[in-house]
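Residue numbers (the UniProt record's numbering): 1 to 288. Built from N, CA and C at the ideal position, the CB exists for glycine as well. Predicted model, so just to flag it, every value in this text is computed and none were measured.
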């Protein structure tokens, strides 16, 4: 269980805090398990400790033990959807879809704890610290379960006042005369988000940010024409679409979990709750 906590959290100190033991005890227990299994279970990565191939085998066994212990403690009438689920997702997705979906899920399963981690980045090849990752674009991953959960598009938005003062572009080429509000190019880690900018002409000096919500507010303040997710731009009464029908960059959010993760009732139910909330929010019919 100590190893499983480190595999999920990525840090000895975090695992020790959850288990109520100190860093040295965590280290000793991991060393003893590695000695018993005859190899390294964890290696240090840029984001903390990551599991090795041998470690992945140990994770599977540890999770089966954890599940058996829960069944023993809960009895036949216990809710299998309990424990902790950690989800890494972009800010916009978390705000609009994930947070309300998880609030509703916890109404049904109050023994479930959910941690939401803000991340707009490429999918990690090792997901030891989180149970689910929500990423932009189809992920290229090994030993993982991936499924599309939400289609959307980047579109162009501005305020009516900005367009009245600076003129409304008649073509994509006209955007060369307007500041474009978007991500800081050097900080972009997602190829699909970078391609959206590459499709447009070079922008005059403009306001750029690593936060999509800063994009919305800067656009609403008249800083220029914003490149925004349509599920944010369309719902903001301060903004109107620009070049509607002549520019859009279609994208999709994908959910990624470890192969064994979806066998965990809490993870499986979390993923179901997310997709169902999105279906209802977008007015799509239930699947057959």
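Nearest to residue i (by Cα), restricted to the options the options
i: residue 44; options: 271, 59, 7 and 170; result: 7
i: residue 145; options: 275, 220, 254 and 183; result: 254
i: residue 271; options: 68, 101 and 236; result: 101
i: residue 187; options: 113, 168, 208 and 198; result: 208
i: residue 182; options: 223, 148, 65 and 172; result: 223
i: residue 263; options: 81, 168 and 227; result: 81
i: residue 131; options: 88, 172 and 149; result: 88
i: residue 5; options: 86, 35 and 175; result: 86
i: residue 110; options: 274, 266, 30 and 95; result: 266
i: residue 83; options: 91, 96 and 63; result: 63
i: residue 148; options: 275, 31, 28 and 68; result: 275
i: residue 160; options: 107, 103 and 242; result: 242
i: residue 38; options: 221, 202, 26 and 58; result: 58
i: residue 199; options: 247, 97, 118 and 65; result: 247
i: residue 249; options: 194, 277, 16 and 177; result: 194
i: residue 185; options: 285, 284, 203 and 170; result: 203
i: residue 245; options: 103, 25, 155 and 268; result: 155
i: residue 268; options: 25, 30 and 105; result: 105
i: residue 30; options: 17, 90, 281 and 1; result: 1
i: residue 65; options: 282, 167, 172 and 3; result: 3
i: residue 108; options: 79, 90 and 94; result: 79
N- and C-terminal bounds of the alpha helix (DSSP H) containing residue i
i: residue 303; result: No information on residue 303 is available, as it lies outside the stretch 1 to 288 that the chain covers here.
i: residue 215; result: 212 to 220
i: residue 296; result: There is no way to answer for residue 296, as the model of the chain reaches only from 1 to 288.
i: residue 106; result: 99 to 108
i: residue 6; result: 2 to 9
i: residue 197; result: 191 to 198
i: residue 280; result: 265 to 281
One or two residues paired with residue i in a DSSP bridge
i: residue 84; result: 113
i: residue 257; result: 145
i: residue 50; result: 43
i: residue 12; result: Beta-bridge pairing links residue 12 to no other residue.
i: residue 89; result: 118
i: residue 62; result: Answer by DSSP bridge pairing: none, since residue 62 is not bridged.
i: residue 252; result: 151
i: residue 208; result: 182
Own chain, CB closer than 6 Å to residue i, minus 5 neighbours either side, in chain order
i: residue 125; result: Note on residue 125: pLDDT 48, under 50, position unreliable in the model; no value is reported.
i: residue 137; result: 192
i: residue 226; result: 157, 181, 215 and 219
i: residue 117; result: 88
Under 7 Å between C-beta atoms of residue i and residue j
i: residue 153; j: residue 230; result: yes
i: residue 10; j: residue 48; result: yes
i: residue 92; j: residue 197; result: no
i: residue 252; j: residue 99; result: no
i: residue 175; j: residue 201; result: yes
i: residue 33; j: residue 55; result: no
i: residue 179; j: residue 211; result: no
i: residue 133; j: residue 256; result: yes
i: residue 26; j: residue 17; result: no
Boundaries (first-last residue) of the beta strand (DSSP E) holding residue i
i: residue 229; result: 225 to 229
i: residue 241; result: 240 to 242
i: residue 132; result: 132 to 136
i: residue 181; result: 180 to 183
Cβ of residue i within 7 Å of any chain B Cβ
i: residue 172; result: Looking at the structure shown, chain B is missing, and only one protein chain is on hand.
Contact set for residue i: own chain, Cβ-Cβ below 7 Å, skip 5 residues either direction
i: residue 278; result: 97, 149 and 150
Same chain only: Cβ atoms within 8 Å of residue i, ignoring 5 sequence neighbours per side
i: residue 163; result: 240 and 242
i: residue 217; result: none
i: residue 76; result: Low confidence applies to residue 76: its pLDDT is 49, below 50, so where it sits in the model is not reliable enough to give any reading.
i: residue 169; result: 175, 177, 178, 225, 242 and 243
i: residue 115; result: 84, 85, 86 and 87
i: residue 173; result: 201
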